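Beneath this line is the structure, given in structure tokens, with notes to follow.
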Amino acid sequence: MATTKPVDETSHVYLIDGSGYIFRAYHALPPLTRTDGTPTGAVQGFCNMLWKLLEDLKGDDQPSHLAVIFDHSGKTFRNDLYDLYKANRPPAPEDLIPQFSIIRDATRAFGTPCVELENYEADDIIATYARQAEALGADVTIVSSDKDLMQLVTDKVSMFDAMKNKRIQVPEVMEKFGVGPDKVIDIQSLAGDSVDNVPGVPGIGVKTAALLINEYGDLDTLLERAGEIKQKGRREKLLAHAEDARISRDLVTLKLDAPMPERLEEFGLAEPDPDVLVPFLREMEFRSFTRKVEEALGGPRADETGDATAPINRDDYECVTTMEALERWIAKSFEAGQIAVDTETDALSSTASGLVGISLATAPGRACYIPLAHVDPQGTGDMFDTGAAPEQIPMDQALKVLKPLLEDPAVLKIGQNFKYDLGVLSRYGIDVAPYDDTMLISYVMEAGLHGHGMDALAELHLGHTCIPFKEICGTGKNQITFDKVPLDKATLYAAEDADITLRLWEILKPALVAKKMATVYETLERPMADVLSKMERVGIKVDPDQLNRLSSDFGQKMMAAEAEAHEAAGRDFNVASPKQIGEILFGEMGLPGGKKTKTGAWSTDAAVLDQLAAEGHALPVALLEYRQFAKLKSTYSDSLFAHINRDTKRVHTSFSLAATTTGRLSSTEPNLQNIPIRTEAGRQIREVFIAEPGHVLVAADYSQVELRLLAHIANVESLKQAFRDGTDIHAMTASEVFGVPIEGMDPMVRRKAKAINFGVIYGISAFGLANQIGVKRDEAKAFIDAYFEKFPGIRAYMDEMKAKAAETGYVETIFGRRAHFPGIRDKNPNMRMFAERQAINAPIQGSAADVIRRAMIRMDDALNAANLDAKMLLQVHDELVFEVPENQAADLIALTAKVMGEACSPALELSVPLVVDAKAGRTWGEAH
DNA sequence: GTGTTCACG
DNA sequence: GACGTACGTGAACACC
Numbered sequence: 011m012a013t014t015k016p017v018d019e020t021s022h023v024y025l026i027d028g029s030g031y032i033f034r035a036y037h038a039l040p041p042l043t044r045t046d047g048t049p050t051g052a053v054q055g056f057c058n059m060l061w062k063l064l065e066d067l068k069g070d071d072q073p074s075h076l077a078v079i080f081d082h083s084g085k086t087f088r089n090d091l092y093d094l095y096k097a098n099r100p101p102a103p104e105d106l107i108p109q110f111s112i113i114r115d116a117t118r119a120f121g122t123p124c125v126e127l128e129n130y131e132a133d134d135i136i137a138t139y140a141r142q143a144e145a146l147g148a149d150v151t152i153v154s155s156d157k158d159l160m161q162l163v164t165d166k167v168s169m170f171d172a173m174k175n176k177r178i179q180v181p182e183v184m185e186k187f188g189v190g191p192d193k194v195i196d197i198q199s200l201a202g203d204s205v206d207n208v209p210g211v212p213g214i215g216v217k218t219a220a221l222l223i224n225e226y227g228d229l230d231t232l233l234e235r236a237g238e239i240k241q242k243g244r245r246e247k248l249l250a251h252a253e254d255a256r257i258s259r260d261l262v263t264l265k266l267d268a269p270m271p272e273r274l275e276e277f278g279l280a281e282p283d284p285d286v287l288v289p290f291l292r293e294m295e296f297r298s299f300t301r302k303v304e305e306a307l308g309g310p311r312a313d314e315t316g317d318a319t320a321p322i323n324r325d326d327y328e329c330v331t332t333m334e335a336l337e338r339w340i341a342k343s344f345e346a347g348q349i350a351v352d353t354e355t356d357a358l359s360s361t362a363s364g365l366v367g368i369s370l371a372t373a374p375g376r377a378c379y380i381p382l383a384h385v386d387p388q389g390t391g392d393m394f395d396t397g398a399a400p401e402q403i404p405m406d407q408a409l410k411v412l413k414p415l416l417e418d419p420a421v422l423k424i425g426q427n428f429k430y431d432l433g434v435l436s437r438y439g440i441d442v443a444p445y446d447d448t449m450l451i452s453y454v455m456e457a458g459l460h461g462h463g464m465d466a467l468a469e470l471h472l473g474h475t476c477i478p479f480k481e482i483c484g485t486g487k488n489q490i491t492f493d494k495v496p497l498d499k500a501t502l503y504a505a506e507d508a509d510i511t512l513r514l515w516e517i518l519k520p521a522l523v524a525k526k527m528a529t530v531y532e533t534l535e536r537p538m539a540d541v542l543s544k545m546e547r548v549g550i551k552v553d554p555d556q557l558n559r560l561s562s563d564f565g566q567k568m569m570a571a572e573a574e575a576h577e578a579a580g581r582d583f584n585v586a587s588p589k590q591i592g593e594i595l596f597g598e599m600g601l602p603g604g605k606k607t608k609t610g611a612w613s614t615d616a617a618v619l620d621q622l623a624a625e626g627h628a629l630p631v632a633l634l635e636y637r638q639f640a641k642l643k644s645t646y647s648d649s650l651f652a653h654i655n656r657d658t659k660r661v662h663t664s665f666s667l668a669a670t671t672t673g674r675l676s677s678t679e680p681n682l683q684n685i686p687i688r689t690e691a692g693r694q695i696r697e698v699f700i701a702e703p704g705h706v707l708v709a710a711d712y713s714q715v716e717l718r719l720l721a722h723i724a725n726v727e728s729l730k731q732a733f734r735d736g737t738d739i740h741a742m743t744a745s746e747v748f749g750v751p752i753e754g755m756d757p758m759v760r761r762k763a764k765a766i767n768f769g770v771i772y773g774i775s776a777f778g779l780a781n782q783i784g785v786k787r788d789e790a791k792a793f794i795d796a797y798f799e800k801f802p803g804i805r806a807y808m809d810e811m812k813a814k815a816a817e818t819g820y821v822e823t824i825f826g827r828r829a830h831f832p833g834i835r836d837k838n839p840n841m842r843m844f845a846e847r848q849a850i851n852a853p854i855q856g857s858a859a860d861v862i863r864r865a866m867i868r869m870d871d872a873l874n875a876a877n878l879d880a881k882m883l884l885q886v887h888d889e890l891v892f893e894v895p896e897n898q899a900a901d902l903i904a905l906t907a908k909v910m911g912e913a914c915s916p917a918l919e920l921s922v923p924l925v926v927d928a929k930a931g932r933t934w935g936e937a938h
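The following block contains the structure:
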């Protein structure tokens, strides 16, 4: 921060014209944006200039005092003098506007006073301070190249053009205006200024004005004696526009008695505080600039404890191969109280991989790798392998001493995507606790802004590029598993992961608290790692024989459909190629093509083929048939079979906690959240998911959670009442919108209302609704209008979410989870409208995600308390699937209804009931 | 690697 | 007045 120090003859006061800086910075830099979409180009340019100035001034010209002065937004007293003043200025560019206030923050972050005053321009404040400093005997430098300030130049006051690195003193002013600084005002009054819309005298420029002033002495004398001028044109112009010249003089004359918001003495120069400036620059994501500043301000503050942003030095990592060294690291870990932990395995799946090694970090830069199951890198790995494995601690011995550390309640274990490591270690008998997860911390704060994998976070927060996995293990068919990586290379990679994780935690955890997102993290995210890790490990049983039967059945149907398609087309072609299908249908057969894909190719999706089939063509029917069975076979029956775990004979999906913008989970390898249910053929896949003998599957799903939450969030009394009464909500909507009684309602009318209800959740548009229910666009629009008429609260909700997103860049769920939409500020209207629909949908979808997360987190304790041997297997957004001994099914159904139904309390009292439908069956299909 | 299609909520 | 649009995912395949 600036200090207070008196101004006297020894002082040198620097006054920076901030507004001039801003515009120069804006035009000098490309339009950078931060990851959240905030434009930052001008901010960076400004920071660069300010930093460079401060650096350049070290030495002879070292300022004693320094301040940045800004124009205040809005009108000034000059507009009262002349209402056209600066009237022809175009408005500031749209992406500059949000940067004005950030630049003021930047100035303060540099520890530099930041001055502005309502009703005055920066120039007036600069003028007032300059004269005051001069009167105290100080030297003054005005950092600006604005000619309007040249009237202030004296032998004590000079200007400095930071761009051209040029000092402007009396001779330079003389050169520009042809007169001394004391006559600059007179020149400007005559010459005017088209940029500021100062009228001046038409036809008189700087050259002529200088001539006249040098002849007549000053403006007043000139105007008095204008009649004496010989040249007719000049004489008449001056006589006619004398008043304009006087107004111009009032406009260009700088105030020397502006009120001073701060005393000059308070501008005492001080070195920027790295603890303020560095975090600011980092938040702005000026990565290389941040590092530069860091180094200049005393270098990275790496000490014994290490600093998260200190340079990463992989040479300091230790490969731990003796018990003695391991004991040393364990002791250090207990001492540190918090360590980063990362596991290396021989495959990507936490449920089907062997532990290969563990890395630890006790402080930034202090990390080790403990290899446990590395083999000879040159070895073939088969029974003829004679190569010796590298020297390492036997796994059981190492785990025996690591277990107390990893389970110690006083030592926090920090991981990145820790669900993975929890799962691996759990299979080796270690239940890690307590823990933090940097991926989840990042997700809670910045969902929607960027990915949350380690590479992305390291790049973002540390400006560090991690060693690519490919570089260690290779790629394609030459890829090796981690246990074959030589220990030196493995150590670099593995220890770096732990090091980075610890550094990320040191940066992210305080930010989590500062942003008040710790509650969301603690109640909705962190516990989920445990819950999901357990579900993944349990897996779900599938019937392998049944899968095989389905695969061959689907295969036969594919072949039949393919033959039919070839027959209908009159030639052979690749039925799986949308490109060839398009060529045949819309080229050779000359059918009228409907939709195009976004690349301009003919669309051949199911909607298009359905349409053509309805028109009586045979080929699209065969293609639809083929596609259906090809999908079922490749994506489901074949894939599920391939995913059966060799040891458990079950299928173990992996749930991603930080993949979606809204808070939903996703499921991969295999995706068990999109198992078919809508068609008869597809439902056969569901029948393959079975329970162990003596057990049943129970599927418990929320009934219309999203609509219920919408009713609650948008506070629509009639909808809430309908849910309380247990009314059929779509019928009720139809009745309201179309004015028909619920009794004996036409199912088509109800279908339309249902589509509207869903449309609302998705951020409805007439086009989308028309498309969905097959009506004309204006008809759809009429439905929507009628809907909003009946439920004005919904429209208010939508407007509110759009406004909130536009203002803050994010929207929130009922439990405070945030979803960010950088596209909301995109200059492309389509992108913006897309972001608006997302912003409407996210609080609803995200709140539903929060609700089921709360239920899942409580479920384990609830099952234990009820003495049920049920296991939670899957989550499908609004549904939980359990496996339970047959005789406990009824109890489990009652329990799920209770736990899921009461998931919001006590944190929140929902104004609508949450209804849960639960059913038991021998297969997943049966449980529906 | 990108685009298209299609499975789910 | 034209433009392109329902929200959120993951996997397989064709094609470059």
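Each residue of the first sequence is one higher than the one before, starting from 11 at the first, in the numbering used here. By construction, the Cβ of each residue, glycine as well, lies at the ideal position given by its N, Cα and C atoms. Please read all numbers here as calculations on a predicted model, not as lab measurements.
Residues sharing a beta bridge with residue i, DSSP
i    : result
Y24  : L76 and T151
I178 : M169
S369 : D352 and Y379
W612 : K606
T86  : N129
S664 : T678
Under the three-state DSSP convention, the category residue i falls into
i    : result
R311 : Bear in mind that the predicted position of R311 carries a pLDDT of just 47, short of 50, making it too unreliable to give a figure here.
G348 : Here residue 348 is Gln; the residue named in the question, Gly, does not match the sequence. Looking at Q348 - three-state DSSP - the assignment turns out to be strand.
A408 : helix
L601 : coil
A102 : coil
C483 : helix
C329 : strand
A930 : strand
Y820 : strand
V205 : coil
H830 : strand
K786 : coil
CB contact flag (residue i, residue j, <8 Å)
i    : j    : result
P108 : T48  : yes
G28  : F80  : yes
R842 : I834 : yes
I178 : M160 : yes
E144 : K166 : yes
A539 : F428 : yes
L25  : A77  : yes
L432 : R863 : no
For residue i, the first and last residue of its enclosing beta strand (DSSP E)
i    : result
T678 : S676 to T678
I424 : L422 to G425
F892 : E889 to P895
Y445 : Y445 to D447
I223 : Note, I223: premise wrong, no beta strand (DSSP E); alpha helix (DSSP H) at V216 to Y226.
Endpoints, the alpha helix (DSSP H) within which residue i is located
i    : result
D711 : From DSSP, D711 is part of no alpha helix (DSSP H) but of the beta strand (DSSP E) over H705 to Y712.
H740 : I739 to F748
M882 : Run containing M882: none in the alpha helix (DSSP H); it sits in the beta strand (DSSP E), K881 to Q885.
Counting beta carbon pairs with one atom in the segment 375 to 389 and one in the segment 494 to 503, are three or more of them shorter than 8 Å? A contact exists between the segment 494 to 503 and the segment 375 to 389.
query: Between the segment 879 to 899 and the segment 556 to 572, do at least 3 Cβ pairs fall closer than 8 Å?
result: Under the 8 Å Cβ criterion, the segment 879 to 899 does not count as touching the segment 556 to 572, having fewer than three qualifying pairs.
With a threshold of 8 Å, are at least 3 pairs of Cβ atoms found where one atom belongs to the segment 265 to 272 and the other to the segment 220 to 235?
Verdict: no, contact absent.
| query | Do three or more CB pairs link the segment 758 to 771 to the segment 728 to 747 at distances below 8 Å? | reply | Contact between the segment 758 to 771 and the segment 728 to 747 is present: 3 or more CB-CB pairs across the two stretches fall below 8 Å.
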